[in-house]
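Worksheet: one structure, shown below.
2 protein chains.
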Amino acid sequence: MQAQTATEMTPDADPADPVVPADPVVPADPTEGRRRRPRAGRPGQHPVTIAEVAARAGVSIATVSRVLTNRKPVRPETRRRVLEAVDELDYVPSGPARALAGSPTGMLGLLMTDLTQPFYTELAHAIESEAQARGYTLILANGAGDSGREAAYLDLLAQRRVDGILVASRGVTTRHIDWLRRAPVEVVLVTCEAPGVPLPAIVAASHDGAALAADHVLGLGHRRIGEIVGPAVSASSPERHAGVVEALARAGIPERDLAVVACDGDVAGGRTAAEALLARTPRPTAILCYNDLVAVGAIHAIAAAGLSCPGDVSVVGFDDIPIASMVSPALTTVAQAVGEMARWAVDRILAQIAANRGEGAIEPPEVVRKPCRLVIRGSTAAPPA
Amino acid sequence: MQAQTATEMTPDADPADPVVPADPVVPADPTEGRRRRPRAGRPGQHPVTIAEVAARAGVSIATVSRVLTNRKPVRPETRRRVLEAVDELDYVPSGPARALAGSPTGMLGLLMTDLTQPFYTELAHAIESEAQARGYTLILANGAGDSGREAAYLDLLAQRRVDGILVASRGVTTRHIDWLRRAPVEVVLVTCEAPGVPLPAIVAASHDGAALAADHVLGLGHRRIGEIVGPAVSASSPERHAGVVEALARAGIPERDLAVVACDGDVAGGRTAAEALLARTPRPTAILCYNDLVAVGAIHAIAAAGLSCPGDVSVVGFDDIPIASMVSPALTTVAQAVGEMARWAVDRILAQIAANRGEGAIEPPEVVRKPCRLVIRGSTAAPPA
DNA sequence: CGATGCTGGGTAAGCGCTTACATTCCGAGC
DNA sequence: GCTCGGAATGTAAGCGCTTACCCAGCATCG
Chain A
16 MQAQTATEMT
26 PDADPADPVV
36 PADPVVPADP
46 TEGRRRRPRA
56 GRPGQHPVTI
66 AEVAARAGVS
76 IATVSRVLTN
86 RKPVRPETRR
96 RVLEAVDELD
106 YVPSGPARAL
116 AGSPTGMLGL
126 LMTDLTQPFY
136 TELAHAIESE
146 AQARGYTLIL
156 ANGAGDSGRE
166 AAYLDLLAQR
176 RVDGILVASR
186 GVTTRHIDWL
196 RRAPVEVVLV
206 TCEAPGVPLP
216 AIVAASHDGA
226 ALAADHVLGL
236 GHRRIGEIVG
246 PAVSASSPER
256 HAGVVEALAR
266 AGIPERDLAV
276 VACDGDVAGG
286 RTAAEALLAR
296 TPRPTAILCY
306 NDLVAVGAIH
316 AIAAAGLSCP
326 GDVSVVGFDD
336 IPIASMVSPA
346 LTTVAQAVGE
356 MARWAVDRIL
366 AQIAANRGEG
376 AIEPPEVVRK
386 PCRLVIRGST
396 AAPPA
Chain B
16 MQAQTATEMT
26 PDADPADPVV
36 PADPVVPADP
46 TEGRRRRPRA
56 GRPGQHPVTI
66 AEVAARAGVS
76 IATVSRVLTN
86 RKPVRPETRR
96 RVLEAVDELD
106 YVPSGPARAL
116 AGSPTGMLGL
126 LMTDLTQPFY
136 TELAHAIESE
146 AQARGYTLIL
156 ANGAGDSGRE
166 AAYLDLLAQR
176 RVDGILVASR
186 GVTTRHIDWL
196 RRAPVEVVLV
206 TCEAPGVPLP
216 AIVAASHDGA
226 ALAADHVLGL
236 GHRRIGEIVG
246 PAVSASSPER
256 HAGVVEALAR
266 AGIPERDLAV
276 VACDGDVAGG
286 RTAAEALLAR
296 TPRPTAILCY
306 NDLVAVGAIH
316 AIAAAGLSCP
326 GDVSVVGFDD
336 IPIASMVSPA
346 LTTVAQAVGE
356 MARWAVDRIL
366 AQIAANRGEG
376 AIEPPEVVRK
386 PCRLVIRGST
396 AAPPA
């Protein structure tokens, strides 16, 4: 309280933004012992606690807490003294202690199936932005395609007492279902659904998106169409397939005229699948792909077969990942509204969390299907004469 | 303890993997009140505490803690009872409480400059894997290129009481330096250095890597070489440039014969820069790029100019991101050892954390330079005759 | 002029753990 | 038979916060 005098005598600086003299590496003036930071805060050290701040400011710890949490009125003068002490001591409140005392942790868990997939990378980034914009921190949990690992991560997130979990798993398995049903925290699904569990979810309208792609090539005049579907674990793959079949049917093309090959959702798989498709007679003039990576593989296969894309064969991807616009020809693809899905998911989970604390009503779980958008680039054209 | 009787009377199931009847949404048998989980654990609920587990197992909370932390000997029979209670109650220990009581949080912060850059995405993924393999959870902190935001995130990570922070910022600014100098937790730098702050760091040997690229095109016979350097904020850009200059000098080519253009590190920037380079007379026959995205842009520019890559102009990228092998021609590029850098960084920070707790010696901070590897693909060839 | 209401701030009770220290229970050694 | 020692367990003291509750001080009002 004695050190504070100096500051009180110079009420020039705005208390909200106290200018702390940049403590030089070597103390400039050894006699000036008052204003040195008592604890340098190096790793080993015991961190500054609220009690030390209170002592320094000459108030009780309750008052410090009130200033920091901004929940109760505090006299401006008192507030100033507290903030000053906070600043002088480099005080950083302990998240764990706060959480234990009843505050929310301000952390959200993000469980992903496979961070190596560019689409999920984009989604993760979008969610991180949204979460950060709302003052929440993300814990990254990457299952790497292993559903056992995902289950373990769910437990871990619960242990960390995250306020909510966003699940962006490609395939929600029974292992998840059981956990999610009795989840101890709020859960919102992104890009996936958990059949039978009443959880809010947002997914792309894959069915209609795939139909968009099919309609596009049909409109260009293609009649012999091939489709490369995704792996069995993917929940959206059958949906997309159904959309394609339906669009073809509307154009009077029976399902048996659609050449279908399955593959893993990567470039190599796409290439192999496309090779199989190109070997068929009659050869398809357009290939609709499960995702953009597969489409890139298809383009490689077309080039390797001595054919031209889009001259001989058109290709349509799905997702519109950054790579889509970089390859040549640039991919015509179906874009998912990643940003909007991320925003919805974060908004929704925060609403649930708030509702849980008694603020706001609990809305019934719902599944939102976000429409997709066709992005036409260079990989599609009219079929060869 | 009375509820437990049912279980004790039927010692058929392995206590390690008890088959819990899938609690139906509507209780099937209202009379069967014994074996139902006392707390469903739905979001609102107060979570199960160690005291409840202790009561159920008929032991003190200390014993439960000992079983769970595995730090003190416990009689096998007692351990069994405790684990059984844990399982029956769906007990999940509280991370915050543990942290407050002195345990490490098991969390690591990962501060990145820009998650949208594919290279950083890869790095983040690699670090996540390493951290997870060692039982640590990652908190994602994406600065999105804004150094103010990064600084705010550093405070936030400190508040969360992470055990350590990995900084993978492209440019460590003075704002960081000041914070890092008095960081309250362990910090290891990945892919960057903080001049003047004694912190361990691992970076790619950019200088030598760039020289590798230059030597490669020189070996192919190129003499008129262009270079697209990165943005000013990038610390590695000048290093790479120096490597190129040095390699050229060894081959007897003076620095003034090297055509240099700067750009932002993305596709559009690379394209613009390459256009400028291609407009020069004499036109360079090889372009060394700051990174793979820039190289992709350069390839686009070459195609747009009616030239062929590698026929007329060779292109070399840097980083070997996944995209590099997908474009055509596939990119010749300099690969950074992302996985190894991630492993080293995580190993190192865990070592520091252990040392802090008195286990193991504190090694002096060091800067490791990981060699790069040249990956030759289709974008480089001998210069036109 | 004393009762009343209100406001800012202090006191202390937890939050759910870990762990130092105390206690109990044994068998071994005298 | 009694003490001693060690292993297993219980007891309780925090860890750093938030917050319910209480109290002092002051202005207002009858």
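Protein chains in written order, with the numbering used here: chain A, 16 to 400; chain B, 16 to 400. Cβ coordinates follow ideal geometry from the N, Cα and C atoms, glycine included.
Cβ closer than 9 Å: which chain B residues qualify as neighbours of residue i?
i      : result
T120/A : G110, P111 and R175
V282/A : P337, S340 and M341
When we look at the beta-carbon of residue i and count the other beta-carbons within 10 Å, is it buried (16 or more) or exposed?
i      : result
V382/B : exposed
G284/A : buried
G150/A : exposed
A209/B : buried
S109/A : buried
T84/B  : exposed
S75/A  : exposed
R222/B : Correcting the residue type first, residue 222/B is His in the shown sequence and not Arg. With 16 or more other Cβ atoms within 10 Å, it is buried.
Q367/B : buried
A400/B : exposed
With residue i as the anchor, note down where its beta strand (DSSP E) starts and where it stops.
i      : result
A216/A : A216 to A219
M122/B : M122 to M127
N157/A : T152 to N157
L181/B : G179 to A183
T206/B : Looking at the DSSP string, T206/B is not in any beta strand (DSSP E), and its letter there is neither H nor E.
T195/A : One point to set straight first is that residue 195/A is Leu, not Thr, in the sequence displayed. Counting along the chain, L195/A falls outside any beta strand (DSSP E), though it belongs to the alpha helix (DSSP H) covering T189 to R196.
Check whether the Cβ atoms of residue i and residue j lie closer than 9 Å to each other.
i      : j      : result
V309/B : A291/B : no
H231/B : I391/B : yes
R190/A : V212/A : no
T120/A : D178/A : yes
R384/B : I180/B : no
R185/B : A114/B : no
T296/B : H237/B : no
A112/A : V79/A  : no
A220/B : I243/B : no
G241/A : F333/A : no
V349/A : V328/A : no
V89/A  : V68/A  : no
L138/B : T188/B : no
E92/B  : D362/B : no
G245/B : G280/B : yes
I142/A : A173/A : no
P199/B : D105/A : yes
List the residues of chain B whose Cβ lies closer than 8 Å to the Cβ of residue i, in chain order.
i      : result
P215/A : Per Cβ cutoff of 8 Å: no residues; P215/A is ~12 Å from chain B at best.
E143/A : L130, L155 and N157
For a contact defined as C-beta to C-beta under 8 Å, what are the partners of residue i on chain A?
i      : result
A318/B : S343
I154/B : M122, T152, L153, I154 and L155
H256/B : Chain A residues near H256/B: none, gap ~25 Å exceeds 8 Å.
Tell me which residue opens and which closes the alpha helix (DSSP H) that residue i is part of.
i      : result
D334/B : That residue, D334/B, is in no alpha helix (DSSP H); its beta strand (DSSP E) goes S329 to D334.
A287/B : Ala is not the amino acid found at residue 287/B; the sequence shown has Thr there. Counting along the chain, the alpha helix (DSSP H) containing T287/B begins and ends at V282 to L293.
T93/B  : P91 to L104
L171/B : S162 to Q174
A77/B  : I76 to T84
G258/B : S251 to R265
Is there at least one non-hydrogen atom of the ligand NAD closer than 8 Å to the beta-carbon of residue i?
i     : result
L83/A : Inclusion of the ligand NAD in the displayed structure is not the case, the ligand content being empty and no account of it being possible.
Whole-angstrom Cβ separation of residue i and residue j, contact assumed at under 8 Å?
i      : j      : result
V259/B : L273/B : 7 Å
L293/B : A320/B : 5 Å
L125/B : L155/B : 6 Å
Can you list the residues of chain A that residue i reaches, using a CB-CB cut of under 7 Å?
i      : result
H61/B  : Those within 7 Å of H61/B in chain A number zero; the least Cβ separation is about 10 Å.
L293/B : Neighbours of L293/B on chain A: none; closest Cβ ~17 Å, over 7 Å.
A396/B : In chain order: nothing, as chain A lies at least about 17 Å away.
A114/B : P111
V311/B : M341
A136/B : The residue you asked about is not Ala; residue 136/B is Thr in the sequence shown. Residues of chain A passing the Cβ test: T136.
So which residues on chain B does residue i lean against when the C-beta distance must stay under 7 Å?
i      : result
L171/A : T152
V107/A : D170, A173, Q174 and P199
I76/A  : Correct list: empty, because the minimum Cβ distance to chain B is about 15 Å.
Give me the chain A residues within the contact set of residue i, using Cβ-Cβ distance strictly less than 9 Å, ordered along the chain.
i      : result
H222/B : Correct list: empty, because the minimum Cβ distance to chain A is about 28 Å.
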